[in-house]
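K.L.:
Numbering (my numbering), first residue to last: 13 to 227.
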């Protein structure tokens with residue numbers, strides 16, 4: 013079962029936009045798709061494939077991402093790269109995530125709201141600081157879309173534990189090994205989740221204990 017996002021479908025590039033699926037540039041309704049997968053009906057995205065940006069316009073993203081005062085200039089390039097590939101994260105064999113950090117008032121929220129959010133707002137899950145790992149899983153359902161997570165601070169034991177659970181989810185979603193997360197339910201049947209998301213975080217401090225998430 014597949015939700016919205018970009019996928020590989022037997023060697024073909026497929027993009028599920030909610031009410032239809034584009035396969036190798038041709039639109040199919042959800043009933044008559046030549047595939048063995050089930051593309052689930054979801055709220056539709058407004059997708060326009062007729063007027064792609066020319067390179068002269070697209071390169072402006074690189075210039076915008078370089079504007080903040082980064083500790084390392086390469087960070088602007090990495091931010092632009094994340095924004096560019098995040099909408100197609102489901103089709104990638106590896107899904108990188110980013111974490112913007114800096115002291116209070118350094119501009120983290122500006123980057124999140126005016127750059128990242130503007131780039132992926134129509135195709136992402138935008139989570140508040142108190143969102144749990146279970147909430148992310150259930151919010152994504154079968155969608156292969158990025159997750160934008162502002163103000164993910166680890167103040168107190170409970171918040172720290174929540175962050176570590178989200179880091180485990182990030183690690184599992186990064187690689188395309190086909191493994192699922194199984195969670196028990198009240199009806200006695202396990203629920204399977206296959207997370208294929210890229211994450212963008214912002215916070216003052218960074219508290220990552222798992223070796224896999226740090227590296």
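We put the beta carbon where it would ideally sit given N, CA and C, even for glycine.
When you compare only the Cα positions, how much space is there between residue 147 and residue 177?
P.N.:
Working through the chain shown from its first residue, we reach residue 147 at position 135. Working through the chain shown from its first residue, we reach residue 177 at position 165. Approximately 11 Å, taken between the alpha carbons.
K.L.:
Start and end of the alpha helix (DSSP H) containing residue 74?
P.N.:
On the chain shown, residue 74 is found 62 positions in, with the first residue counted as 1. Its alpha helix (DSSP H) spans residues 72-77.
K.L.:
Following the continuous beta strand (DSSP E) through residue 17, name the residue where it begins and the one where it ends.
P.N.:
Looking up residue 17 in the chain shown gives position 5. Per DSSP, residue 17 belongs to the beta strand (DSSP E) from 17-21.
K.L.:
Is residue 185 helix, strand or coil when you go by DSSP?
P.N.:
The residue you call residue 185 lines up with position 173 of the chain shown. Three-state DSSP puts residue 185 in a helix.
K.L.:
What residues in its chain sit with their C-beta under 8 Å from that of residue 53, if we drop five residues either side in the sequence?
P.N.:
Translated into positions along the chain shown, residue 53 becomes position 41. Within the same chain, residue 53 has close Cβ partners 30, 31 and 42.
K.L.:
How many Å lie between residue 218 and residue 38 at the Cα?
P.N.:
Numbered from its first residue, the chain shown carries residue 218 at position 206. Numbered from its first residue, the chain shown carries residue 38 at position 26. Residue 218 and residue 38: Cα-Cα distance of roughly 43 Å.
K.L.:
If the criterion is Cβ atoms closer than 8 Å, does the pair residue 121 and residue 186 meet it?
P.N.:
By one-based count along the chain shown, residue 121 stands at place 109. By one-based count along the chain shown, residue 186 stands at place 174. Contact: no.
K.L.:
Extract the residue ranges of the alpha helix (DSSP H) inside the stretch 86-124, only unbroken runs of 4 or more that lie entirely within it.
P.N.:
DSSP runs (the alpha helix (DSSP H)) wholly in the stretch 86-124: 86-97 and 120-123.
K.L.:
On the DSSP bridge assignment, give the partners of residue 34 in chain order.
P.N.:
Taking the first residue of the chain shown as position 1, residue 34 is located at position 22. Note: residue 34 sits in a beta bridge opposite 27 and 39.
K.L.:
Take residue 161 and list the residues in its own chain whose beta-carbon comes closer than 6 Å to its own, dropping the five residues that flank it on each side.
P.N.:
Along the chain shown, one-based indexing puts residue 161 at 149. 139 and 213.
K.L.:
Ends of the beta strand (DSSP E) at residue 56?
P.N.:
Sequence index remark: in the chain shown, residue 56 carries index 44 (1-based). It is not in any beta strand (DSSP E) - residue 56 carries neither H nor E in the DSSP assignment.
K.L.:
By Cβ distance, which residues of its chain are closer than 6 Å to residue 26, with the 5 residues on each side in sequence left out?
P.N.:
Walking along the chain shown from the start, residue 26 turns up at place 14. Hits under 6 Å: 19, 33 and 35.
K.L.:
Given a cut-off of 8 Å on the beta-carbon distance, is the pair residue 137 and residue 117 in contact?
P.N.:
One-based indexing of the chain shown puts residue 137 at position 125. One-based indexing of the chain shown puts residue 117 at position 105. Their beta carbons are not under 8 Å apart, which means residue 137 does not touch residue 117 by this criterion.
K.L.:
Hey, how far is the Cα of residue 40 from the Cα of residue 74?
P.N.:
Your numbering for residue 40 matches position 28 in the chain shown. Your numbering for residue 74 matches position 62 in the chain shown. Distance between the alpha carbons of residue 40 and residue 74: 34 Å.
K.L.:
Give the single residue among 45, 227 and 216 whose Cα lies nearest to the Cα of residue 115.
P.N.:
On the chain shown, residue 115 is found 103 positions in, with the first residue counted as 1. The residue with the shortest Cα to Cα distance from residue 115 is 216.
K.L.:
Would you list the residues sitting across from residue 195 in a DSSP beta bridge?
P.N.:
On the chain shown, position 183 is the one that residue 195 refers to. 203, per the DSSP bridge assignment.
K.L.:
Does DSSP put residue 5 in a helix, a strand or coil?
P.N.:
An answer regarding residue 5 cannot be provided, because it is not within the stretch 13 to 227 covered by the chain.
K.L.:
Around the Cβ of residue 112, are there at least 16 other Cβ atoms within 10 angstroms (buried) or fewer (exposed)?
P.N.:
Residue mapping note: residue 112 aligns to position 100 of the chain shown, counting from 1. When all chains shown are included, residue 112 counts as buried.
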